[in-house]
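> So the sequence shown is residues 3 to 316, counted in my numbering. No residue lacks a Cβ here, since even glycine has one placed at the ideal position from N, Cα and C. Pasting a structure below so you can have a look.
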Amino acid sequence: MTSLNIAVIGEDPSLREKVCHALAKKGTADEIAFYNSSFQGKLVTCVDAVQFPQKIPSLVFALNLSNYCVLIANSLTPAVGECIVAADFLAKNGCIISENPDQFAPFVKNTALEQWKRFSSIDEARTEILSFEPNAVEGPAKGVVDHSFEVKGVGSVALGVMLRGTLKVHDKLTAFPSGKAVEVRSIQKQDHDVERAECWDRFGISMKGATSADVGKGDFLSVAQFKTVSQLDVEVEASKFLKEPIGKTESKETLHASVGLQVVPCELTGQANAGSKTRVKLAFQKPIAFDAGDVLLLLRLDAKGLRVAGKAVL
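Below is the structure:
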């Protein structure tokens, strides 16, 4: 069974919930909420950015766990603008649902969202959404953890999404950035025991050799080696919608860097003007892990304007 993971984004929580309930049944919820179902042999998971727009990481988490995106909004607001910028930076597939869908045409021009289909209701969009066939990413197994905890009689459990390859029972993995060794004791998908989890599957694994204190939200699990760094010299693309540059000419700017579900404070040396690509230096408050091709987002968590400031392809 293939897995369709749908990020449901937009400013209005009631509109997001309406979409999620139309597609799946609600499960766990904290910074993000999961809704689960199946459709014509496909496992469907909706991810609602429940803490957005108050907290920008909630939006980033939902997008980074998904292979499809639904933007639902009836007007263009600063928060909806942030959704457009983030989804574009992460090159997402998806659709737009709005009472007046054509109003977004000028605002998504020359972005990934320009190619998204537009609908006037979830009823009209439902078949299009559920028929989307995500491309499996081939290569060494790579998953990202969104929850971990201890279960009596089971042991240490990690939940997450496969981002590449296939995970099998007894696989020996490494957690990044910690470098902790983890063996897969068992795997579940939607509460059913399975022997493997394929790319885009949402998994639950029982871990051997590590506890929930060792492996937690934001960690990558992989059979391959990841880079773990405390600083980077990297080309940053600043959003064309910024009103002021990223960075300062005579001092450093403190931002937050996000890769996958990691959100780490960092200091940026250099300056990137809106719409430009510029090399800068990033110094992270704690080590951050990434794989070749991962996208790093630069966030201004407390900014009054656009909080998704820029990106770098690692």
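Am I right that residue 2 and residue 143 are in contact with their C-beta atoms under 8 Å? What's the rounded C-beta distance?
Absent from the structure is residue 2, since the part of the chain shown begins at 3 and ends at 316.
> Spatial neighbours of residue 44 within its chain, please: C-beta separation below 8 Å, excluding the five flanking residues on both sides.
Position 42 of the sequence shown, counted from the start, is the residue given in the question as residue 44. Closer than 8 Å at the Cβ level, and outside the excluded window around residue 44, lie 3, 4, 5, 6, 132.
> At the level of alpha carbons, what is the spacing between residue 102 and residue 116?
Here the question's residue 102 lines up with position 100 in the sequence shown. Here the question's residue 116 lines up with position 114 in the sequence shown. Approximately 16 Å, taken between the alpha carbons.
> Start and end of the alpha helix (DSSP H) containing residue 99?
Along the sequence shown, one-based indexing puts residue 99 at 97. It is not in any alpha helix (DSSP H) - residue 99 instead sits in the beta strand (DSSP E) that spans 96-99.
> Report yes if the CB atom of residue 310 is closer than 9 Å to the CB atom of residue 156, and no otherwise.
Looking up residue 310 in the sequence shown gives position 308. Looking up residue 156 in the sequence shown gives position 154. No, they are not a contact pair.
> Which first and last residues belong to the alpha helix (DSSP H) in which residue 15 is found?
Sequence index remark: in the sequence shown, residue 15 carries index 13 (1-based). 15-25 is the extent of the alpha helix (DSSP H) around residue 15.
> Taking Cβ positions, are residue 95 and residue 36 nearer each other than 9 Å?
Translated into the one-based positions of the sequence shown, residue 95 becomes position 93. Translated into the one-based positions of the sequence shown, residue 36 becomes position 34. Taking 9 Å as the Cβ cut-off, residue 95 and residue 36 do not qualify as a contacting pair.
> Which parts of the region 101-186 are runs of the beta strand (DSSP E), unbroken and 3 residues or longer, counting only runs that do not cross its ends?
119-121, 144-153, 157-166, 174-178
> Is it true that the CB of residue 77 sits closer than 9 Å to the CB of residue 8?
Within the sequence shown, numbered from 1, the residue matching residue 8 stands at position 6. Within the sequence shown, numbered from 1, the residue matching residue 77 stands at position 75. Taking a C-beta distance under 9 Å as the contact criterion, residue 8 and residue 77 do not qualify as a contact pair.
> With 16 as the cutoff for other CB atoms within 10 Å, does residue 281 come out buried or exposed?
Stepping through the sequence shown from its first residue, residue 281 is reached at position 279. With fewer than 16 Cβ atoms within 10 Å of its Cβ, residue 281 is classed as exposed.
> Tell me the residue span of the beta strand (DSSP E) that contains residue 272.
Walking along the sequence shown from the start, residue 272 turns up at place 270. First-last of the beta strand (DSSP E) with residue 272: 264-274.
> Compute the distance between the beta-carbons of residue 294 and residue 268, then report whether it is under 9 Å.
On the sequence shown, residue 294 is found 292 positions in, with the first residue counted as 1. On the sequence shown, residue 268 is found 266 positions in, with the first residue counted as 1. No, the pair does not count as a contact, with Cβ atoms beyond the cut-off.
> Tell me whether the beta-carbon of residue 314 lies closer than 9 Å to the beta-carbon of residue 290.
Here residue 314 refers to the residue found at position 312 of the sequence shown. Here residue 290 refers to the residue found at position 288 of the sequence shown. No, the pair does not count as a contact, with Cβ atoms beyond the cut-off.
> Less than 8 Å between the CB atoms is what I'm expecting for residue 52 and residue 60, so what's the real figure, rounded?
Sequence index remark: in the sequence shown, residue 52 carries index 50 (1-based). Sequence index remark: in the sequence shown, residue 60 carries index 58 (1-based). 6 Å between Cβ atoms; contact.
> Specify, as a first and last residue, the run of the beta strand (DSSP E) that residue 235 falls within.
Indexing the sequence shown from 1 puts residue 235 at position 233. Unbroken beta strand (DSSP E) run through residue 235: 229-240.
> Got a sec, what are the start and stop residues for the alpha helix (DSSP H) residue 59 sits in?
Working through the sequence shown from its first residue, we reach residue 59 at position 57. Annotation for residue 59: the continuous alpha helix (DSSP H) segment containing it runs 58-66.
> Let's test the definition: count the other Cβ atoms within 10 Å of the Cβ of residue 183 and tell me whether it reaches 16, buried, or not, exposed.
Position 181 of the sequence shown holds residue 183. Counting Cβ neighbours within 10 Å, residue 183 comes out exposed, since fewer than 16 surround it.
> Leaving aside the five residues before and after residue 23 along the sequence, list all residues of the same chain whose C-beta is less than 8 Å from its C-beta, in chain order.
Translated into the one-based positions of the sequence shown, residue 23 becomes position 21. So the qualifying residues of the chain are 37.
> Residue 299 bridges to which residues according to DSSP?
In the sequence shown, counting from the first residue as 1, residue 299 sits at position 297. Answer is 260, 313, bridged to residue 299.
> Report the option in 230, 248, 227 whose CA atom is closest to the CA atom of residue 237.
For the purposes of this step, residue 237 is taken as residue 235 along the sequence shown, with counting starting at 1. Ranking 230, 248, 227 by Cα distance to residue 237 puts 248 first.
> Flag this pair as touching only if the region 190-203 and the region 118-127 have three or more C-beta atom pairs under 8 Å; answer yes or no.
no
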